[in-house]
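Colleague: Sharing a structure, written as structure tokens. Questions coming.
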Amino acid sequence: MSLLDLDARWRRFNDPLRACPCCGKHFSGVFDIGFEEPDDWPHGPRSEEMLKVGDDKLSSELCRLNNRRFLRCVILLPLRGSDTEVFFFGLWAEVSPTDFYAYLDGSTEDGAPVTSIPATVANDLPHFGDAAHGTLVPGTGLERPRLIIAEGPLAEGQKNGISFDELLDIYAASGKDIRPHLTRD
Numbered sequence: 301m302s303l304l305d306l307d308a309r310w311r312r313f314n315d316p317l318r319a320c321p322c323c324g325k326h327f328s329g330v331f332d333i334g335f336e337e338p339d340d341w342p343h344g345p346r347s348e349e350m351l352k353v354g355d356d357k358l359s360s361e362l363c364r365l366n367n368r369r370f371l372r373c374v375i376l377l378p379l380r381g382s383d384t385e386v387f388f389f390g391l392w393a394e395v396s397p398t399d400f401y402a403y404l405d406g407s408t409e410d411g412a413p414v415t416s417i418p419a420t421v422a423n424d425l426p427h428f429g430d431a432a433h434g435t436l437v438p439g440t441g442l443e444r445p446r447l448i449i450a451e452g453p454l455a456e457g458q459k460n461g462i463s464f465d466e467l468l469d470i471y472a473a474s475g476k477d478i479r480p481h482l483t484r485d
């Protein structure tokens with residue numbers, strides 16, 4: 301049993317059989333928030349495997365926008381009070397063109413493996429706001445790279461975890477305020 305199990309809201313949030321008394325919604329635990337493109341991408345959503353507009357390209361994992369380069373990555377935020385629960389942001393990070401191509405070469409075994417590269421968050425993260433700088437660490441196998449933030453509230457969340465209330469604040473800031481649905485049975 302984790303400390304979070306003592307919170308009735310947490311139990312309601314993780315009970316897929318429970319229907320909210322006010323609206324009938326069901327919840328089955330932590331869900332991630334993802335972004336389909338970097339915030340600066342001006343060409344609309346990608347509807348096919350690759351969206352190409354002039355020299356700009358967007359795929360599910362890579363983006364070229366003018367002379368800028370972006371990689372799809374994740375930020376992990378463990379939940380305090382739980383031994384196993386982790387919230388993920390699926391986001392985009394801007395990297396230098398040199399690092400972008402070194403990453404591609406290293407991931408296809410055409411070049412030396414990349415162990416880390418400097419990167420900047422390219423999406424406005426709900427509850428955290430402004431762009432943060434950090435280090436992009438390649439994943440293993442099919443895992444997306446992880447972005448380790450250097451400083452600030454997001455870095456603190458990665459290091460020390462976030463509370464359940466902070467998770468609910470993130471959901472609310474993203475337009476998915478589920479707090480009213482967890483207050484009573």
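Just add 300 to wherever you are in the sequence shown, counting from 1, and you've got this note's numbering.
Think of the CB as a built atom: it goes at the ideal place given N, C-alpha and C, for glycine as much as any other residue.
I need the boundaries of the beta strand (DSSP E) containing Asp485, first residue and last residue.
Modeller: Sequence index remark: in the sequence shown, residue 485 carries index 185 (1-based). Premise fails: Asp485 is in no beta strand (DSSP E) and is neither H nor E.
Colleague: What does the alpha-carbon distance come out to for the pair Pro418 and Leu391?
Modeller: Residue mapping note: residue 418 aligns to position 118 of the sequence shown, counting from 1. Residue mapping note: residue 391 aligns to position 91 of the sequence shown, counting from 1. Near 15 Å, if we compare the C-alpha coordinates of Leu391 and Pro418.
Colleague: Pick out whichever of Cys320, Asp339 and Leu306 has its Cα sitting closest to the Cα of Thr483.
Modeller: Residue 483 sits at position 183 when you count from the first residue of the sequence shown. Residue Cys320 is the option with its Cα nearest to Thr483.
Colleague: Count the other CB atoms within 10 Å of the CB of Ala308; is the residue buried (16 or more) or exposed (fewer)?
Modeller: Within the sequence shown, numbered from 1, the residue matching residue 308 stands at position 8. Ala308 comes out exposed.
Colleague: Would you mind stating whether Ala473 and Pro438 have Cβ atoms separated by less than 7 Å?
Modeller: Here residue 473 refers to the residue found at position 173 when the sequence shown is read from its first residue. Here residue 438 refers to the residue found at position 138 when the sequence shown is read from its first residue. Result no, Cβ atoms of Ala473 and Pro438 do not sit closer than 7 Å.
Colleague: Taking one C-beta from the region 443-460 and one from the region 303-318 each time, how about it: are there three or more such pairs within less than 8 Å?
Modeller: no
Colleague: Suppose the cutoff is 7 Å on Cβ atoms and the five residues either side in sequence are ignored; what does the same chain contact list for Glu349 look like?
Modeller: Translated into the one-based positions of the sequence shown, residue 349 becomes position 49. So the list reads Ser359, once near-sequence residues are dropped.
Colleague: Can you list, in chain order, the residues of its chain whose CB lies under 6 Å from that of His481, leaving out five sequence neighbours each side?
Modeller: Along the sequence shown, one-based indexing puts residue 481 at 181. If we look at His481 and ignore the five residues flanking it on each side, its Cβ neighbours are Cys320 and Lys325.
Colleague: Work out the CA separation of Phe389 and Asp305 for me, nearest whole Å.
Modeller: As a working mapping, residue 305 is identified with position 5 in the sequence shown. As a working mapping, residue 389 is identified with position 89 in the sequence shown. Cα to Cα, Asp305 sits roughly 24 Å from Phe389.
Colleague: What is the C-beta distance between Arg369 and Phe335, in whole angstroms, given that I count them as a contact (C-beta under 8 Å)?
Modeller: Here residue 369 corresponds to residue number 69 of the sequence shown, with the count starting at 1. Here residue 335 corresponds to residue number 35 of the sequence shown, with the count starting at 1. Actually they are not in contact, since the Cβ atoms of Arg369 and Phe335 sit about 16 Å apart, beyond 8 Å.
Colleague: Given a threshold of 16 other Cβ atoms within 10 Å of its Cβ, counted over all protein chains shown, does Arg423 qualify as buried or as exposed?
Modeller: The residue given as residue 423 occupies position 123 in the sequence shown. It should be noted that the sequence gives Asn, not Arg, for residue 423. Buried, because 16 or more other Cβ atoms sit within 10 Å of the Cβ of Asn423.
Colleague: Which class does Phe313 belong to by DSSP, given the choice of helix, strand or coil?
Modeller: Within the sequence shown, numbered from 1, the residue matching residue 313 stands at position 13. Of the three classes helix, strand and coil, the one that applies to Phe313 here is helix, per DSSP.
Colleague: State the start and end residues of the unbroken beta strand (DSSP E) segment that holds Asp356.
Modeller: As a position in the sequence shown, residue 356 is number 56, starting the count at 1. Residue range Asp356 to Leu358 is occupied by the beta strand (DSSP E) that includes Asp356.
Colleague: In angstroms with no decimal places, state the Cα-to-Cα distance between Phe345 and Met301.
Modeller: Counting from 1 along the sequence shown, the entry for residue 345 is found at position 45. Counting from 1 along the sequence shown, the entry for residue 301 is found at position 1. Sequence inspection shows Pro at residue 345; the Phe mentioned does not correspond to that position. Each residue's alpha carbon lies about 42 Å from the other.
Colleague: If you run the structure through DSSP and keep just helix, strand and coil, what is Pro397?
Modeller: The residue you call residue 397 lines up with position 97 of the sequence shown. Looking at Pro397 - three-state DSSP - the assignment turns out to be helix.
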